[in-house]
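When the letters of the sequence shown are read in order and numbered with my numbering, they come out as residues 524 to 1002.
From the three backbone atoms N, C-alpha and C, an ideal C-beta is built for every residue, glycine too.
Note sheet for the following structure.
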Amino acid sequence: MSIKEQVTEGEEPVSPFAKLFSLPGHDVFNIVTFGFKIEVDPSTIVEGLKNTLINHPRFSSILLTGHGDGKGKATWIPTEVKVEDHVTVPDIGPYIENPDEFLENYTSNMALSPMDMSRPLWEFHLLKLKTSHAESVVLARFHHSLGDGMSLMSLLLACTRKVCDPEAFPTFVAPKKRKEKNVCWSLVDWLWFIARTMFHTCVEVIKALVFICFPGDTTTYLSGKPGATLGANRFIHQIIPLDDVKKVKNAMNATVNDVLFGMVQAGLSRYLNQRYDLETTSDKRKALEKFCHHGAVLFNLRPNRDIEDLANMMAKGSKCRWGNSIGFVLIPLWMKSEVDILEYVRQAKTTMDRKKLSLEPLFSHWLLKLTMEVFGITAVKNLLDRIFDNTTMIFSNVVGPAEEISFFGHQISYIAASSFGIQQALILVIQSYVDKLIINLAVDLDVIPDPHHLCDLIIEALSMMKSAASEKICHASEV
């Protein structure tokens, strides 16, 4: 049956951002890697998906994009879904010389392969492959028109249960509650917060507009080709202890996000030093300070939805609000050669504190939405192209479950998430899971030919920070 013949009364219009992400040649995908502690059972996974994921309207609908130029009518058309057609179980030999490299190659090939637009835009690949961190691996690919990364990750976690309690949903680290104050101090604190928010919002918004309107980052060994999507690519991930980050966090009176952003800046600085051979003299090191680099950090603006609500939505087929609700902030990268490795954390904390007090993510969302309504989808595409062409990398930190969980009875060892199709040479996503941090890099090999070395430098930066923090604590205790 042709797609047009499947149109029913249940068809829904496609949101503008979903339409944007489905333009020909500009498809964006979210890729999630699940490492399991046991060998994957395809029949169990298929049965689990039948009872959960396909009950969501987006996962059981076809995307009809009209004329393919962004001007035609685009709709979601409900259709019958055969889960087996969306699940691939490749035949992998029992003796793979380097299973980690095999996984990287397979992920890259999967990301580059075209997706069949005549059926719902999602797929799972079940790999009976033992790697350094898992007994088997499941790769999931979702078209970005289905929803933003945070929503899709939350939906997947709604399919999981605690290992210690198979009937319970995952739990996350709860934010610390503020200490109660008297009414007068609360009013003063609230007014001061409003004033600071207004000030920082104005400053950050003006800086963002100037950045968008004028030439962006310096072209370096981290810069992608203007206007190009991620071509020759590689997806790699490394796992480090979360406790190492917390030790630095406690010593610096910072947040986990401050430490993560600081270690990324330190690793990138050392990488550029080595690529440009700037570590030999102080004069050459000063050249690095003249480089201008920014990171684009994407924000999910939708109010956090409980895992239970998402599970009920799949169970009942509810058509509650869904889609892409995203904004972004532009963060300058501190790429100087610092003798004190902890300076990168201090600079990250200063930047993050300023960004937290601004409404820049909300402004960027409304800027894209207003541009869409006034000038059309082509103008938004050009605006996003300019933003990503002007920046050096995309950075994201995703908070994962605080306890061990299972996916349809398969205990999870780690979770790694990334994106493909955005014109950036470097996309870095850090995902937490129980007591682990998974550093996931998606790189353009034409720009960064040695992603493993870059990842090692980022991890080494954390190790140096940990040692420096320990010395700082010891010195403080002696004093």
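| Cβ-based neighbour list, V555, same chain, cut-off 6 Å, excluding 5 preceding and 5 following | Residue 555 sits at position 32 when you count from the first residue of the sequence shown. Only A663 and A940 meet the Cβ criterion.
| Closest to D614 by CA distance: which of N905, L652, I971 and S583 is it? | Working through the sequence shown from its first residue, we reach residue 614 at position 91. The shortest C-alpha separation from D614 is found at L652.
| field | In chain order, each beta strand (DSSP E) run of at least 3 residues that lies wholly inside the region 562-649 | value | 584-587 and 598-601
| field | Any non-hydrogen atom of the ligand HEM within 7 Å of V952 CB | value | Among the components of this structure there are no ligands whatsoever, and the ligand HEM is therefore not found.
| message | Can you check which of these residues, D973, G899 and L907, is closest to A731 by C-alpha distance? | response | As a working mapping, residue 731 is identified with position 208 in the sequence shown. Comparing Cα positions, the closest option is L907.
| N- and C-terminal bounds of the alpha helix (DSSP H) containing Q788 | Reading the sequence shown from its first residue, position 265 is the one you call residue 788. Unbroken alpha helix (DSSP H) run through Q788: V779 to R798.
| Those residues which DSSP pairs with Q954 across a bridge | The sequence position of residue 954 within the sequence shown is 431, counting from 1. V921 and I961.
| query | Start and end of the alpha helix (DSSP H) containing V771? | reply | The residue you call residue 771 lines up with position 248 of the sequence shown. Segment L765 to M775, the alpha helix (DSSP H) holding V771.
| task | May I ask which residues mark the beginning and end of the beta strand (DSSP E) holding I938? | result | Numbered from 1 along the sequence shown, position 415 holds the residue referred to as residue 938. It spans H933 to F943 - the beta strand (DSSP E) in which I938 sits, taken as one unbroken run.
| Option nearest A871 by Cα separation, candidates M858, F695 and R798 | Here the question's residue 871 lines up with position 348 in the sequence shown. The shortest Cα separation from A871 among M858, F695 and R798 belongs to M858.
| task | Using three-state DSSP, classify V862 as helix, strand or coil. | result | Here the question's residue 862 lines up with position 339 in the sequence shown. In this structure, V862 counts as coil in the three-state DSSP scheme.
| Meets three-Cβ-pair contact criterion under 8 Å: the region 966-975 and the region 754-771 | yes
| field | Reference D800; option with closest CA among S709, H816, S860 and N773 | value | Sequence index remark: in the sequence shown, residue 800 carries index 277 (1-based). Per the Cα distances, S860.
| query | Should I717 be labelled buried (16 or more other beta-carbon atoms within 10 Å of its own) or exposed? | reply | The sequence position of residue 717 within the sequence shown is 194, counting from 1. I717 is exposed by the Cβ-count criterion.
| task | With a cut-off of 8 Å on the beta carbons, I'd call L885 and A992 a contact; round off their distance for me. | result | Residue mapping note: residue 885 aligns to position 362 of the sequence shown, counting from 1. Residue mapping note: residue 992 aligns to position 469 of the sequence shown, counting from 1. The pair is not a contact, with the Cβ atoms about 34 Å apart (cut-off 8 Å).
| field | Own chain residues within Cβ distance below 7 Å of S655, not counting five before or after | value | The residue labelled residue 655 in the question sits at position 132 within the sequence shown. Cβ within range, chain order: D623.
| said: At the 8 Å Cβ level, is D979 part of the contact set with chain D, yes or no? | reply: Checking the listed chains, one finds no chain D in this structure; it contains a single protein chain.
| field | Sequence-distant residues of the same chain with beta carbon closer than 6 Å to L783, five excluded per side | value | For the purposes of this step, residue 783 is taken as residue 260 along the sequence shown, with counting starting at 1. Excluding residues within five positions, the ones whose Cβ falls inside 6 Å are N920 and I953.
| task | Let me know the secondary structure DSSP gives I717 once reduced to three states. | result | Within the sequence shown, residue 717 is the residue found at index 194, counting from 1. Reduced to three states, the DSSP call for I717 is helix.
| query | Under 8 Å between the Cβ atoms of T602 and L587? | reply | Here residue 602 is taken as the residue at index 79 of the sequence shown, counted from 1. Here residue 587 is taken as the residue at index 64 of the sequence shown, counted from 1. Contact: no.
| field | K904 - containing beta strand (DSSP E), residue span | value | Taking the first residue of the sequence shown as 1, we reach residue 904 at position 381. Premise fails: K904 lies in the alpha helix (DSSP H), I900 to N913, not in any beta strand (DSSP E).
| If you draw a straight line from the C-alpha of G591 to the C-alpha of P637, how long is it? | As a position in the sequence shown, residue 591 is number 68, starting the count at 1. As a position in the sequence shown, residue 637 is number 114, starting the count at 1. Bear in mind that a pLDDT of 49 at G591, under 50, signals an unreliable position, so the model cannot answer this.
| message | Counting C-beta neighbours from all protein chains within 10 Å, is the total for Y618 16 or more, i.e. buried, or is it exposed? | response | Taking the sequence shown and counting its residues from 1, one reaches residue 618 at position 95. Exposed is the call here.
| F851 to T611, Cα distance in whole Å? | As a working note, residue 851 is residue 328 in the sequence shown. As a working note, residue 611 is residue 88 in the sequence shown. Rounded to the nearest angstrom, the two C-alpha atoms are 34 Å apart.
| Going straight from the alpha carbon of I735 to that of Y867, what length do you get? | Start at 1 with the first residue of the sequence shown, and residue 735 comes out as number 212. Start at 1 with the first residue of the sequence shown, and residue 867 comes out as number 344. One C-alpha to the other measures close to 25 Å.
| said: Which of the three DSSP states is assigned to T894 in this structure? | reply: Residue mapping note: residue 894 aligns to position 371 of the sequence shown, counting from 1. Of the three classes helix, strand and coil, the one that applies to T894 here is helix, per DSSP.
| query | For K959, which residues of its own chain have a beta-carbon under 8 Å away from its beta-carbon, when the five flanking residues on both sides are left out? | reply | What you label residue 959 is simply residue 436 of the sequence shown in a count that begins at 1. Counting only Cβ-Cβ distances below 8 Å, and skipping sequence neighbours, we find I762, I763, P764, L765 and Y937.
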